[in-house]
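Residue numbers (this note's numbering), protein chains in the order written: chain A, 1 to 315; chain B, 316 to 630.
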């Protein structure tokens, strides 16, 4: 992409977010209820260790395993405890229209940076026209177009892809609302297409394995689960790109090696096990069904594999 | 299956339900809120036109498009209006553990015949062990094993199959709770395997296209969306099988022909269009996003196709 084109798109999306954002894992107590104290402490730690911002109630936060009320309570408690609203995106896309409206209205009433919305994901084979009508219904009911909407593309879990055609429809009807996309397809062709085709949007790959290639074509950064354990190194690559360092590929390779180890087992239990080990706090290992915590043996093997790669928690 | 084997399994599941059950469609008003008046009238009509019972908040009822509160209110209103609780199953399986517990506890507190539970369907690749732990957690938290649990297998929408291995685990831990399976796989091999392998359970194929083959190997009946428009003919095949009529295959063929027409377009909008036409009440056509109502042209073509096959609404 030419320098002038890059400058143009940066200007076009000057008011949207960018950088390294962490979909924060949600600790739970021994009743499996959200543990606000540990959540807030972890959020602060993430912001201090390199994350530009946090996603509350993302996939990695097990959001879909919690009720609407539990999600509302967690966000309120996190803000009340001082997590900065302007550095928080909130996951609000639900199967039920009324739930999406309620969560979105709630998050916006608290002044967060924006919302990250899954499409309604129960039915399959929904057309772009129908999905656009569905997002439109949420925006209309929320009753404010003065917010930043980030679409969340995660077809492996939802079975409902966010297509360029859908994005075009929403850009036509809600140009001031649609602000970006988190693309968790894991498919570089998908992320590249979105980034090149929609320069007015902030496009975030859903894993840091695509951070450098995304930045090189004007991507906004990344929103990645791994930030829960590896925020410093991910941020360092982002900063090194901005300042034009010459070790970018090596940094990307190092991030990708760590990510590959994290991906050997189910991601959310893995992240909780690494945080538990890093803090010496085994309460962090708990997950809500249907997820299962790693066994002791698995957790020890994981930590050893990471250590063998020179991984240091939070560094 | 031998007569003695059939008798044995009938005895084993004497207390569970059987027959023709309709996952009732949910009418909505012009604000897209559940329309209790039309819902109750439709439920009565279904019970009078051949259905042994109703599923409230099934897939066909667009349950996942409504909030937990909307689902609770609909069930309470339906029972308050006189729909018979012993002829009602309630869909209560949600992504969030706490939602599944709340809906199940609520339904059981009202004395319904049982609950029909989807697995938590956001995460994919969940093991049988983890799914069993998830259902176990719901049952433990509900705090009563004195209820009838029907598992709901709909892998095309959930991406989370209910396997024979999962059923075996739950039969071991909760033999008095697990009562049956609705198998909406659409795969006869799947329905046959479940029916033959678990004679103590009531196995319902999720469509009447498999009603006769299922009854012939000891299946419990069917729980089918088509019952919303074709309850009489489906019930007539069920009864004809019980009394040993000699036109069973012809009856099955007729049902299957009608079903094929219903399946040409998205099922829920199709059923609502047929009910709207059958009653001359266009309010019935409304659906909640992300579904879309059929266009006038589509609805007219559908009704004409059905009429050409001799289909009569409700007959």
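The beta carbon of each residue, even a glycine, is placed where N, CA and C say it ideally should be.
Buried versus exposed, by CB contacts within 10 Å (16 or more), residue i
i	result
residue 252(A)	buried
residue 197(A)	exposed
residue 414(B)	buried
residue 380(B)	buried
residue 497(B)	buried
residue 80(A)	exposed
residue 208(A)	buried
residue 315(A)	exposed
residue 609(B)	buried
residue 531(B)	exposed
residue 382(B)	buried
residue 353(B)	buried
residue 369(B)	buried
residue 458(B)	exposed
residue 310(A)	exposed
Interface flag, residue i vs chain B, CB-CB below 7 Å
i	result
residue 161(A)	no
residue 65(A)	yes
residue 222(A)	no
residue 27(A)	no
residue 137(A)	yes
residue 131(A)	yes
Nearest-angstrom Cα separation, counted from residue j out to residue i
i	j	result
residue 627(B)	residue 551(B)	14 Å
residue 503(B)	residue 337(B)	20 Å
residue 95(A)	residue 246(A)	45 Å
residue 301(A)	residue 260(A)	14 Å
residue 211(A)	residue 262(A)	17 Å
residue 305(A)	residue 298(A)	11 Å
residue 534(B)	residue 510(B)	6 Å
residue 29(A)	residue 434(B)	23 Å
residue 600(B)	residue 398(B)	23 Å
residue 490(B)	residue 430(B)	15 Å
residue 333(B)	residue 424(B)	22 Å
residue 515(B)	residue 106(A)	47 Å
residue 357(B)	residue 426(B)	21 Å
residue 347(B)	residue 281(A)	47 Å
residue 296(A)	residue 307(A)	16 Å
residue 46(A)	residue 227(A)	8 Å
residue 331(B)	residue 565(B)	29 Å
residue 121(A)	residue 377(B)	12 Å
residue 339(B)	residue 36(A)	40 Å
residue 166(A)	residue 214(A)	21 Å
residue 559(B)	residue 579(B)	32 Å
Rounded distance between the beta-carbons of residue j and residue i, thought under 8 Å
i	j	result
residue 229(A)	residue 287(A)	At roughly 15 Å, the Cβ-Cβ gap does not stay under 8 Å, so residue 229(A) and residue 287(A) are not in contact.
residue 484(B)	residue 447(B)	4 Å
residue 90(A)	residue 57(A)	6 Å
residue 453(B)	residue 416(B)	6 Å
residue 269(A)	residue 255(A)	That belief does not hold up - the Cβ atoms of residue 269(A) and residue 255(A) are roughly 21 Å apart, past 8 Å.
residue 154(A)	residue 190(A)	That pair is no contact at about 11 Å.
residue 87(A)	residue 113(A)	7 Å
residue 471(B)	residue 124(A)	7 Å
residue 349(B)	residue 389(B)	5 Å
residue 593(B)	residue 335(B)	So it is not a contact: roughly 18 Å between Cβ atoms.
residue 179(A)	residue 150(A)	6 Å
Closer than 7 Å to chain A by CB, residue i
i	result
residue 467(B)	no
residue 432(B)	no
residue 449(B)	yes
residue 437(B)	yes
residue 526(B)	no
residue 388(B)	no
Proximal residues of chain B, C-beta to C-beta of residue i below 7 Å
i	result
residue 30(A)	Those within 7 Å of residue 30(A) in chain B number zero; the least Cβ separation is about 13 Å.
residue 126(A)	605
residue 70(A)	413
residue 95(A)	379, 380
Proximal residues of chain A, C-beta to C-beta of residue i below 9 Å
i	result
residue 472(B)	122, 123, 124, 159
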